[in-house]
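Worksheet for the structure shown next.
Numbering (UniProt numbering), first residue to last: 1 to 352.
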């Protein structure tokens with residue numbers, strides 16, 4: 001039997017793993033595909049083997065020609081073969097008793113289809129496509145970071161536009177000052193004419209003309225003063241808008257820093273096996289560093305803390321998984337709530 005797991009990385013990039021079982025098939029198909037998904041989304045992405053995050057938060061291939069990266073391919077084969085050798089019963093590797101009938105037929109099912117139904121389909125169809133809908137391209141952390149980056153870029157664009165408007169208004173203000181100075185000179189000239197014509201015979205007529213000119217000049221100056229006042233008010237308003245845009249930018253940057261300080265890592269998923277006391281946490285860390293957290297297990301029927309475990313582990317930036325093993329056994333017929341604490345805050349959890 002051939003089992004192929006392929007995942008959409010976004011930007012038209014697809015990565016996949018193919019497993020070939022000679023004269024055998026898998027009963028627990030969801031478990032083998034969950035393992036392959038964790039191999040791609042956690043192990044390979046975290047270590048930067050074959051795929052990695054770029055500076056924009058998108059996932060890309062680590063090399064241009066991935067077929068040349070022989071060491072990474074050998075590393076993946078070693079991990080998969082080791083997992084299959086140690087967990088045959090977990091995946092349900094079973095001898096294949098049927099033979100290929102030569103018919104080419106296929107079926108497409110939803111990712112939530114039960115294993116028992118998939119086993120039946122394996123006896124009937126020689127190609128089964130399981131659509132899990134969502135993959136690593138739906139990563140929430142990437143969307144949050146991208147959204148804040150877009151918001152900061154838009155705010156910077158608005159600030160630059162407002163600064164250009166202020167620069168134009170400052171130039172207009174200087175030009176109006178020059179015009180006002182010319183009108184003041186004109187006013188002084190009209191005053192000189194008034195005193196000059198007082199010595200002439202037609203003093204009254206010239207005085208009237210001069211007065212009319214003065215009134216016209218005064219009205220013009222008043223109009224220019226009003227325009228200048230409006231421009232100054234506009235400049236003040238634009239400066240206030242620039243200040244507000246800067247505050248919004250600082251708030252957005254503070255929001256991003258607050259997310260990273262209050263929650264040093266983001267929980268992207270969990271899985272649990274009560275029978276083995278194994279609890280796995282999948283998380284994303286923006287920066288590398290030592291992460292300390294505690295997992296409390298609440299027994300729902302009593303409401304008390306059944307057991308707890310503290311962890312302090314160095315995490316590289318990116319996505320990774322942390323598995324905890326509890327010494328105290330669990331009753332698989334009861335319900336337990338797993339709470340993940342960082343300091344005095346709950347950052348995630350699950351119910352099993």
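Note that CB positions come from ideal geometry on N, CA and C, so glycine has one too.
Worksheet item: If you draw a straight line from the alpha carbon of residue 10 to that of residue 276, how long is it in whole angstroms?
Response: 36 Å
Practice prompt. Can you grab the Cα-Cα spacing for the pair residue 144 / residue 289, in whole Å?
Written response: Low local confidence applies: a pLDDT of 49 at residue 144 is under 50, so the model's placement there is unreliable, with the coordinate-based value given in what follows. Cα-Cα distance, rounded: 21 Å.
Discussion item. Using C-beta distances below 7 Å, list every residue in its chain close to residue 25, excluding the 5 sequence neighbours before and after it, in chain order.
Written reply: 1, 94, 96, 122
Fill in: CB of residue 296 within 8 Å of CB of residue 308, strictly
yes
Fill in: Inter-residue spacing [alpha-carbon to alpha-carbon] between residue 130 and residue 159
49 Å
Worksheet entry | Per-residue burial, residue 190 [other beta carbons within 10 Å of its own, 16 or more giving buried] | buried
Practice prompt. Go ahead and pull the three-state DSSP assignment for residue 263.
Written response: coil
Discussion item. Please identify the residue among 216, 173, 211 whose C-alpha is closest to the C-alpha of residue 229.
Written reply: 173
Discussion item. According to DSSP, residue 6 sits in a beta bridge with which residue or residues?
Written reply: 16
Fill in: Among 332, 30, 251, the one whose alpha carbon lies nearest that of residue 113
30
Worksheet item: How would you label residue 48, buried or exposed, when you count the other beta carbons within 10 angstroms and need 16 or more for buried?
Response: exposed
Discussion item. Please classify residue 344 as buried or exposed, where buried requires at least 16 neighbouring CB atoms within 10 angstroms.
Written reply: exposed
Item to complete: Less than 8 Å between the CB atoms is what I'm expecting for residue 282 and residue 315, so what's the real figure, rounded?
Response: Not quite, the Cβ-Cβ distance comes to about 12 Å (not below 8 Å), so this is no contact.
Discussion item. Helix, strand or coil for residue 268? Go by DSSP, reduced to three states.
Written reply: strand
Worksheet entry | Cβ-based neighbour list, residue 54, same chain, cut-off 6 Å, excluding 5 preceding and 5 following | 60
Practice prompt. Starting from the Cα of residue 67, find the closest Cα among 15, 42, 107 and give me that residue.
Written response: 15
Discussion item. What residue range does the beta strand (DSSP E) around residue 31 cover?
Written reply: No beta strand (DSSP E) holds residue 31; the alpha helix (DSSP H) holding it covers 29-38.
Worksheet item: So, helix, strand or coil for residue 119, using DSSP?
Response: helix
Worksheet item: Residue range of the alpha helix (DSSP H) that residue 82 falls in?
Response: 70-86
Worksheet item: Across which residues does DSSP place residue 107 in a beta bridge pair?
Response: 128
Worksheet item: Could you give the C-beta distance for residue 340 and residue 267, rounded to a whole number, given that I count them as a contact under 8 Å?
Response: 6 Å
Worksheet item: Leaving out the 5 sequence neighbours to the left and right, which residues in its chain are closer than 7 Å to residue 63 when beta-carbon positions are compared?
Response: 69
Fill in: Local conformation of residue 140 per DSSP, three classes
Per-residue confidence for residue 140 stands at a pLDDT of 43, beneath the threshold of 50, marking its modelled position as unreliable; the derived number appears in the next sentence. The answer is helix: DSSP assigns residue 140 an H, G or I state.
Worksheet item: Between residue 245 and residue 162, which are expected to be in contact by the criterion C-beta below 8 Å, what is the C-beta distance as a whole number of angstroms?
Response: 7 Å
Discussion item. Can you list, in chain order, the residues of its chain with a C-beta nearer than 6 Å to that of residue 155? Leave out the 5 residues immediately preceding and following it.
Written reply: 245, 248, 249
Worksheet item: Closest by CA to residue 179, which one among 221, 325, 213, 125?
Response: 221
Worksheet item: What does a CB cutoff of less than 6 Å around residue 141 pick up in its chain, not counting 5 residues either side in sequence?
Response: Below a pLDDT of 50, predicted positions are generally treated as unreliable, and residue 141, at 44, falls in that range; no measurement from the model is reported.
Fill in: Inter-residue Cα distance where the pair is residue 3 and residue 23
13 Å
Practice prompt. Could you check which residue in 27, 238, 226 has the C-alpha nearest to that of residue 90?
Written response: 27
Discussion item. Quick check on residue 88 - is its C-beta less than 8 Å from some C-beta in chain D?
Written reply: Within the model displayed, chain D is absent; a lone protein chain is all it includes.
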